[in-house]
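Printed below as a string of structure tokens:
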């Protein structure tokens, strides 16, 4: 039986809400079938009052063993490095994070905020928010680049805004069933099994990308084409399994006609939401995408594009996702 | 006389931590202070950003209401840019907003509210064993079904919006999607499955239409006893349990209500403006105060920060609103105690008053006379208030009553989608303008005010339902709605004040309590959870 303590800092509860939509396993399955012992959770916790505070104290002191600490939300350090923008059970939340992380066998940062600061850390970062072990792409964050949990692992980052429920439930089951050794992390501490692939991997629009055919507009314009060329889609540059493991068992943003916003990458929200950057592809000389798919450069991209357009068959210029 | 102060930290978490302090005399709450204890500064982040930044940022204010945040932020931009809205886009937005709320109703009831009904305080009740069988966390038979089936409505959201939570698929001028035939047929099938498996089979014990025949409190009581199926449904059981343990007798609140309304008739809101909004709403807006109904006018809203951790002396309208945080350590010296601002509304003839928002507010406003043909008219909760007054039970029943209504509406809107017609009209992106967008999140009125200048956001202010309900005292010292609702709550066991949890959660400001015990007179913290007899 693995013990889990789940806390939220500068959070919206989105990862918790996403987690509650999980099936196979569901939240109930995790607890009833996999014997997960949820010591405390901000919305699903049963313990109240003295029992809850006692759990935090006992874990912080080492009196009660903790297998997995899940943290959702940013670590808030303001104002003036006091942490007082986020008080929890009588103390700045960051002090709890410090005490509890040092006692956990494994520390999981769930969602962008906990991984690298996310939306609250967007310029001008009014709360001095940061992630557990990264600030945006820079290693360090709140716990520092040398931090290792008791099992000798760095913070395991499960990003996304929010993270898909399967990304956390499958990792919890893996940890709870003794497969911690199978969780290989990439350079951003993300489990590779989920984050090696691209958001574009499995996207229904990938044939249009192949032939460089653009979606023409939102709404009915998304019955055809790829969202990369005009609408700022970051699918080819973003690592996630959004089109391999569908959302709510049904779809994904790009399938439904919404450009990927790159929310599993540390820079999200990209360009700090500067005027002109939302749902619009940034271009060089008004034509070529400023960012090309990972591993390409502008010259090879342009050569490939020209050939692809020439090769584009008639069907790639027509609607595909029709009534 | 026994006087005790309890400090409950944190009490609720919807969009940040909520702490609660109450004074208890002779076992009854006599005063309360609600303290939001976390600040993230979203309104500051939005300044100077792309006009559409709110579509990405505001859903992240609250993961539970992200779709509602998207809905009203899109309408705020529609108003600012003067967009044209295809009928399909209005319908898809309505469907998405409704499915988020339909998800919230059972999830909130079982995962966040009903688990307190198995508190040991009620172990002496003859209904206790049955409550445990149904509602015990994780293992209760209906807890399991209710929590898992609550996922179904947002599967429909994902079909149109790609995912739930946190899509940004509503944009000025419409929606990003263009549904196919099977998107619609699958959505209908999911909706029917949810209705059959949870709403009718577990919650109501009867058809949706039979429940909606209830027009008065007498009707509801007769409905409970009408047959075994209804008597033993979760709704029938819940009403009986509340009456048995007294949840129909406290948690009254301010008794004045605000709904900003939601869902538009597609033909009446093809050109979103502030002026056309009230008449185009299906779920109406309005105010009910001092026994009278008033029309909602966004110009009458103010935010007071007298007891909030912000700079500023005078209450401001959100178009001129400011968000300048101060260190809570300094704020406490000025009697400030919360990160929530105190929204107030200028009711004609009554001045600036606190108003309760949420399902009960919506249901009361739905009973106002003068509904147009496309608008919801529903007299049930005006009658319930007249018959038994507001309480924890009534607030909760109002929430549940919306499930059959919104189910029927969502089904109707799905049926009206014309798949061969447009879902989006590209807008002209005006560099300057002002917009107001509002909706009803599951837990109440939710509105944005946006000011654009030179192609970027000059000011952005959001008023959430949680701010309306849990906001602190205003400059005149008037308590907020939840603070008021705490007064009169009987506390059986101060070391486990489940009654405070019930009141707070009836506002759907849900979740957990950690409790510190304070000495009521000196304000000194006592040894943890040991309440000295302060006689």
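Protein chains in written order, with the numbering used here: chain A, 98 to 420; chain B, 816 to 1350. The beta carbon of each residue, even a glycine, is placed where N, CA and C say it ideally should be.
Counted within 10 angstroms of its Cβ, other Cβ atoms place residue i as buried (16 or more) or exposed
| i | result |
| --- | --- |
| residue 829 of chain B | For residue 829 of chain B, the pLDDT reaches just 41, beneath the cut-off of 50, and the residue's location in the model is therefore unreliable, although a value from the coordinates is still provided. Buried, because 16 or more other Cβ atoms sit within 10 Å of the Cβ of residue 829 of chain B. |
| residue 841 of chain B | exposed |
| residue 932 of chain B | buried |
| residue 108 of chain A | buried |
| residue 1346 of chain B | Confidence at residue 1346 of chain B is low in this model, with a pLDDT of 24, below 50, so the placement of that residue should be treated as unreliable; the coordinate-derived value is given next. Buried, because 16 or more other Cβ atoms sit within 10 Å of the Cβ of residue 1346 of chain B. |
| residue 121 of chain A | exposed |
| residue 1227 of chain B | exposed |
| residue 338 of chain A | buried |
| residue 1163 of chain B | exposed |
| residue 208 of chain A | buried |
| residue 835 of chain B | buried |
| residue 820 of chain B | buried |
| residue 1279 of chain B | buried |
Expected contact under 8 Å - CB spacing of residue i and residue j to nearest Å
| i | j | result |
| --- | --- | --- |
| residue 375 of chain A | residue 865 of chain B | 4 Å |
| residue 191 of chain A | residue 173 of chain A | 7 Å |
| residue 1002 of chain B | residue 971 of chain B | 4 Å |
| residue 351 of chain A | residue 324 of chain A | 6 Å |
| residue 979 of chain B | residue 921 of chain B | Not confirmed; about 15 Å, so no contact. |
| residue 936 of chain B | residue 1318 of chain B | Actually they are not in contact, since the Cβ atoms of residue 936 of chain B and residue 1318 of chain B sit about 14 Å apart, beyond 8 Å. |
| residue 1143 of chain B | residue 406 of chain A | Contact doesn't hold; Cβ gap of about 59 Å is too wide. |
| residue 128 of chain A | residue 261 of chain A | Contact flag wrong, Cβ pair sits at about 20 Å. |
| residue 1197 of chain B | residue 1182 of chain B | 3 Å |
First and last residue of the uninterrupted alpha helix (DSSP H) at residue i
| i | result |
| --- | --- |
| residue 1025 of chain B | 1023-1027 |
| residue 269 of chain A | 262-273 |
| residue 859 of chain B | 857-861 |
| residue 341 of chain A | Segment: none, residue 341 of chain A is in no alpha helix (DSSP H) and carries neither H nor E. |
| residue 195 of chain A | 190-198 |
| residue 918 of chain B | 902-922 |
| residue 113 of chain A | 111-117 |
| residue 1089 of chain B | 1089-1095 |
Those residues which DSSP pairs with residue i across a bridge
| i | result |
| --- | --- |
| residue 381 of chain A | A:385 |
| residue 1161 of chain B | B:1167 |
| residue 1272 of chain B | B:1267 |
| residue 851 of chain B | B:833 |
| residue 1249 of chain B | B:1266 |
| residue 1261 of chain B | B:1254 |
| residue 173 of chain A | A:226 |
| residue 1134 of chain B | Per DSSP, none; premise fails for residue 1134 of chain B. |
| residue 1351 of chain B | Given a span of 816 to 1350 for chain B in the structure shown, any question on residue 1351 of chain B remains unanswerable. |
| residue 985 of chain B | B:990 |
| residue 235 of chain A | A:232 |
| residue 883 of chain B | For residue 883 of chain B, which the question treats as bridged, DSSP gives no partner whatsoever. |
| residue 105 of chain A | A:169 |
| residue 1239 of chain B | B:989 |
| residue 1277 of chain B | B:1263 |
Pick from the options that is closest to residue i, judged by C-alpha positions
| i | options | result |
| --- | --- | --- |
| residue 940 of chain B | B:1157, B:930, B:1057 | B:1057 |
| residue 1089 of chain B | B:927, B:992, B:879, B:1264 | B:1264 |
| residue 1082 of chain B | B:1195, B:1051, B:899 | B:899 |
| residue 885 of chain B | B:896, B:895, B:873 | B:873 |
| residue 851 of chain B | A:225, A:100, A:160, A:186 | A:186 |
| residue 1139 of chain B | B:1277, B:930, B:1127 | B:1127 |
| residue 112 of chain A | A:100, A:225, A:258, A:251 | A:258 |
| residue 1155 of chain B | B:1124, B:1213, B:1276 | B:1124 |
| residue 1292 of chain B | B:1157, B:1274, B:1321 | B:1157 |
| residue 1359 of chain B | B:929, B:843, B:965, B:942 | In the structure displayed, chain B extends from 816 to 1350; residue 1359 of chain B sits before or after that span and is not available. |
| residue 1239 of chain B | A:171, A:398, A:313 | A:313 |
| residue 861 of chain B | B:1268, B:1323, B:918 | B:1268 |
| residue 1049 of chain B | B:957, B:1026, B:975 | B:957 |
| residue 326 of chain A | A:264, A:254, A:101, A:308 | A:308 |
Bounding residues of the beta strand (DSSP E) (the contiguous stretch that carries residue i)
| i | result |
| --- | --- |
| residue 1102 of chain B | 1101-1104 |
| residue 205 of chain A | 201-207 |
| residue 1116 of chain B | 1116-1119 |
| residue 930 of chain B | Here residue 930 of chain B belongs to no beta strand (DSSP E), and DSSP marks it neither H nor E. |
| residue 255 of chain A | 253-255 |
| residue 1074 of chain B | 1072-1074 |
| residue 1299 of chain B | Counting along the chain, residue 1299 of chain B falls outside any beta strand (DSSP E), though it belongs to the alpha helix (DSSP H) covering 1296-1301. |
| residue 1053 of chain B | No beta strand (DSSP E) contains residue 1053 of chain B, which is instead part of the alpha helix (DSSP H) from 1049-1060. |
Cβ-heavy atom distance, residue i to the ligand FAD, below 8 Å
| i | result |
| --- | --- |
| residue 338 of chain A | As presented, the structure is devoid of all ligands, the ligand FAD included, so that no description of it is given. |
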